[in-house]
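Below is one structure, written out as structure tokens, with a few remarks after it.
Chains as they are written, first to last, in my numbering: chain A, 521 to 933; chain B, 521 to 933.
Here it is in structure tokens:
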């Protein structure tokens with residue numbers, strides 16, 4: 521089964537927006553064994569949209585269109601769908617009921633734009649959008665499926681995960697693709713490749729992709745086989761062989777972020793965490809609290825950007841900062857033990873460093889970060905150099921800090 | 521003059537790589553007045569590549585192809601170019617000399633892969649690649665230009681900036697495109713459209729795109745005109761007419777985030793800010809500290825997730841939380857004035873709400889957030905409902921909180 525992805529929007533053609541919808545859809549389709557053969561982007565032009573509809577529908581079983589379903593004047597996708605599927609716009613009862621509920625939930629009133637959003641092509645099956653007013657649509661002919669979805673990424677992703685993927689999964693026959701992503705952190709791509717060594721005996725016909733990011737390198741295993749079961753079994757075998765070589769760097773699998781893994785570990789152990797951040801500026805607390813249920817183990821965080829706040833909120837002695845500087849092992853340790861004590865938490869975590877671009881010196885360059893950790897038994901700090909780029913330094917420091925807690929709590933190495 | 525961008529590579533079709541080349545090329549072409557009408561992505565398949573070549577070359581004056589020029593087995597672009605332009609691969613003297621210099625400069629030896637890189641279609645004009653071994657190519661027919669460039673982003677970008685853009689600029693006659701993006705927040709796309717009303721007298725031939733995101737709706741103005749100056753002038757006129765209607769929702773232009781705008785305002789006024797976050801969990805502090813120089817106005821932040829921490833760190837009376845609940849106007853106000861007082865800052869900002877997915881009740885549903893603000897003269901809290909989705913609620917609340925401070929400091933409305 522092959523698919524084509526069409527993204528619609530002038531903002532894409534002028535390069536204002538990077539097309540992340542394409543990659544997301546491609547991954548989701550590949551995951552259920554549907555091969556994407558082409559991706560096409562056109563502007564909000566009726567003629568170009570109709571041409572791209574016709575080309576894609578002629579070639580492929582599955583077509584997914586995103587964009588151009590909003591209520592504003594530049595959105596022509598719905599009209600193009602009517603022309604292409606030879607139908608007309610009617611006010612859809614199901615969509616109307618959903619939009620009414622949606623607006624009521626937000627205490628928002630009914631507007632002409634909302635009315636416009638109830639208008640859908642007569643022969644389309646409505647696909648509900650749980651987090652927005654623009655509905656998705658499905659047109660089906662024989663064994664062919666044409667989806668039209670909103671272009672706003674978070675709405676589109678929600679609809680795809682909730683409705684499109686489950687629906688198409690049930691239609692797929694033929695080869696099955698299975699993927700598994702192992703998430704590593706604290707090791708560079710090149711060192712990881714070195715430690716894995718010869719890949720052939722590990723992979724035995726599977727494919728392995730190295731996907732680096734500021735949070736670490738993800739290893740994606742891909743296996744194609746006749747049945748879902750065999751493909752899944754082979755993936756697990758490859759996983760076991762990779763873990764045999766680099767287990768200690770792997771903190772999770774799939775889409776799971778380190779803060780989710782850590783949240784589960786803290787919950788299991790019954791530990792609580794308090795955080796004192798300087799250079800990471802709240803990013804660690806933000807990540808921790810992205811996880812539902814984090815209030816069970818996250819007691820408090822403080823962002824002590826000024827020296828005064830380090831003394832006021834954490835009891836770091838002014839003299840200690842004077843003697844060693846705010847970016848030092850001693851201050852990192854005092855921050856971690858201070859926040860732990862103040863909060864009455866099991867674990868204290870701290871960061872202090874130079875995020876840049878200014879503030880660096882030859883002895884303490886931009887990118888230098890001390891991460892402090894304190895629990896009942898120990899208090900320590902680890903020195904890192906995360907290179908340049910303010911947001912990159914914050915991102916890398918937040919990951920290293922969470923990983924430090926994971927390793928300490930699990931008593932790894 | 522219109523252009524099409526073709527990106528080639530299986531890694532794009534499986535969604536492993538996000539296609540940033542497209543957006544870069546689209547921006548560069550638009551900047552010199554060439555209108556991109558279509559972007560297409562195919563895999564390393566001869567048939568699909570040839571079809572997409574033919575379609576694009578039929579429709580547009582400029583075609584830019586990236587990817588598939590490397591020495592590895594799956595790179596079929598060069599063969600496709602030979603078939604399409606009816607020519608053959610020959611070892612190119614100019615390319616050979618350049619690759620030799622390139623490898624010598626890196627003390628690397630000549631390999632079969634390097635030999636392969638000297639082989640180029642006979643009738644192509646070679647475009648030098650200053651930072652890699654794969655050459656770019658130009659095929660010209662009458663007033664039409666077909667470029668084939670390597671897919672590695674930094675090599676492609678270098679070639680485009682050094683050679684492709686200067687070359688095409690000299691060929692462009694006719695129109696210039698100018699864009700301006702106005703960033704709004706606190707108003708839904710549909711309400712914004714309503715308040716703007718009839719767009720014709722505002723736009724007078726310009727185009728306007730509505731680009732929604734969790735942080736607000738961006739309005740992108742596009743004007744096409746004979747000279748860069750006239751196009752720029754018309755953009756500014758459209759901007760003025762839009763501001764005349766919805767000025768109060770516009771916090772910035774271009775790529776500027778609200779935290780940068782607010783940082784500039786706080787610096788100008790000489791104000792300092794302290795933040796107490798509950799449901800946003802550190803996200804506001806994180807955004808504030810993403811801005812270089814924020815240590816000048818950001819004194820401290822606290823993430824008071826537990827009730828105890830609200831009392832300990834902000835002096836919110838236990839009785840107040842008992843009487844009204846942690847998610848209430850009273851507690852939001854007490855948090856804002858508490859953090860302001862504790863920090864000795866000009867402004868205190870607070871959030872308390874229910875990010876979900878659990879913890880909602882009929883009276884206090886998921887998405888309910890109180891945002892508190894305190895300065896020397898006033899203390900208040902505003903109630904919002906940000907809908908569902910934990911990360912979305914945090915994102916929207918952080919934006920509304922920063923916007924509240926911007927409006928209060930600028931004494932808007």
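For glycine and all other residues, C-beta sits at the position ideal for the given N, C-alpha and C. As the structure is a prediction and not an experimental result, all values here were calculated from the model.
Nearest by alpha-carbon distance to residue i: which of the options is it?
i, options, result
"residue 897 of chain A", "A/931, A/916 and A/849", "A/931"
"residue 650 of chain B", "B/635, B/633, B/615 and B/631", "B/615"
"residue 674 of chain B", "B/837, B/816, B/631 and B/587", "B/587"
"residue 843 of chain B", "B/827, B/680 and B/833", "B/827"
"residue 887 of chain B", "B/680, B/876, B/619 and B/550", "B/876"
"residue 921 of chain B", "B/702, B/808 and B/578", "B/808"
"residue 547 of chain B", "B/589, B/561, B/536 and B/525", "B/525"
"residue 747 of chain A", "A/566, A/903 and A/696", "A/696"
"residue 751 of chain B", "B/535, B/550, B/642 and B/770", "B/550"
"residue 645 of chain B", "B/637, B/638 and B/656", "B/656"
"residue 730 of chain B", "A/589, A/893 and A/882", "A/589"
"residue 533 of chain A", "A/553, A/878 and A/564", "A/564"
"residue 672 of chain A", "B/621, B/718, B/833 and B/733", "B/733"
"residue 690 of chain A", "A/521, A/785 and A/845", "A/521"
"residue 595 of chain A", "B/713, B/929 and B/779", "B/713"
What whole-angstrom Cβ distance do residue i and residue j have, given they're in contact under 8 Å?
i, j, result
"residue 871 of chain A", "residue 800 of chain A", "5 Å"
"residue 478 of chain B", "residue 528 of chain B", "Look at the range of chain B in this structure, 521 to 933, and you will see that residue 478 of chain B is not part of it."
"residue 468 of chain A", "residue 821 of chain B", "With chain A represented from 521 up to 933, any question about residue 468 of chain A goes unanswered, as that position is not in the structure."
"residue 847 of chain A", "residue 884 of chain A", "5 Å"
"residue 555 of chain B", "residue 523 of chain B", "7 Å"
"residue 667 of chain B", "residue 692 of chain B", "Not quite, the Cβ-Cβ distance comes to about 14 Å (not below 8 Å), so this is no contact."
"residue 907 of chain B", "residue 626 of chain A", "6 Å"
"residue 924 of chain B", "residue 902 of chain B", "6 Å"
"residue 933 of chain A", "residue 927 of chain A", "7 Å"
"residue 951 of chain A", "residue 880 of chain A", "There is no way to answer for residue 951 of chain A, as the model of chain A reaches only from 521 to 933."
"residue 762 of chain A", "residue 716 of chain A", "7 Å"
"residue 557 of chain B", "residue 665 of chain B", "Contact flag wrong, Cβ pair sits at about 15 Å."
"residue 813 of chain A", "residue 772 of chain A", "The Cβ separation is near 17 Å, so there is no contact."
"residue 611 of chain A", "residue 639 of chain A", "6 Å"
"residue 637 of chain A", "residue 654 of chain A", "6 Å"
"residue 840 of chain A", "residue 854 of chain A", "6 Å"
Name the DSSP bridge partner or partners of residue i?
i, result
"residue 603 of chain B", "Looking at the DSSP assignment, residue 603 of chain B forms no beta bridge with any residue, so it has no partner."
"residue 797 of chain A", "A/823 and A/871"
"residue 523 of chain A", "A/556 and A/582"
"residue 893 of chain B", "B/869 and B/900"
"residue 742 of chain A", "A/699 and A/727"
"residue 818 of chain B", "B/793"
"residue 528 of chain A", "A/562"
"residue 611 of chain B", "B/639"
"residue 551 of chain B", "DSSP output for residue 551 of chain B lists no bridge partner at all."
"residue 888 of chain A", "A/905"
"residue 539 of chain B", "A/539"
**OP:** Evaluate contact between the segment 596 to 604 of chain B and the segment 530 to 546 of chain B, counting only Cβ atoms and requiring at least three cross-stretch pairs below 8 Å.
**Re:** no
Original post:
Do the segment 854 to 865 of chain A and the segment 790 to 800 of chain A touch if we need at least three Cβ pairs shorter than 8 Å?
Top reply: yes
**OP:** Quick one: which unbroken beta strand (DSSP E) runs of 3-plus residues sit fully inside the segment 613 to 669 of chain B? Chain order, please.
**Re:** 639 to 641, 645 to 647, 656 to 661 and 664 to 669
**OP:** Starting from the N-terminal side, write out each stretch of the beta strand (DSSP E) that is 3 residues or longer and does not extend beyond the segment 665 to 738 of chain B.
**Re:** 696 to 704 and 727 to 733
Subject >> Any beta strand (DSSP E) of 3 or more consecutive residues that is wholly inside the segment 754 to 796 of chain B >> reply: 770 to 773
Original post:
Within the chosen definition, does the segment 715 to 730 of chain B reach the segment 740 to 759 of chain B through at least 3 CB pairs nearer than 8 Å?
Top reply: yes
Subject >> the segment 693 to 712 of chain B / the segment 735 to 752 of chain B touching (three or more Cβ pairs under 8 Å) >> reply: yes
**OP:** Decide if the segment 706 to 718 of chain B is in contact with the segment 626 to 638 of chain A; the criterion is three or more beta carbon pairs, one per stretch, under 8 Å apart.
**Re:** yes
Original post:
Where are the alpha helix (DSSP H) runs, 4 residues long or more, that stay fully inside the segment 825 to 862 of chain A, in chain order?
Top reply: 827 to 834 and 838 to 844
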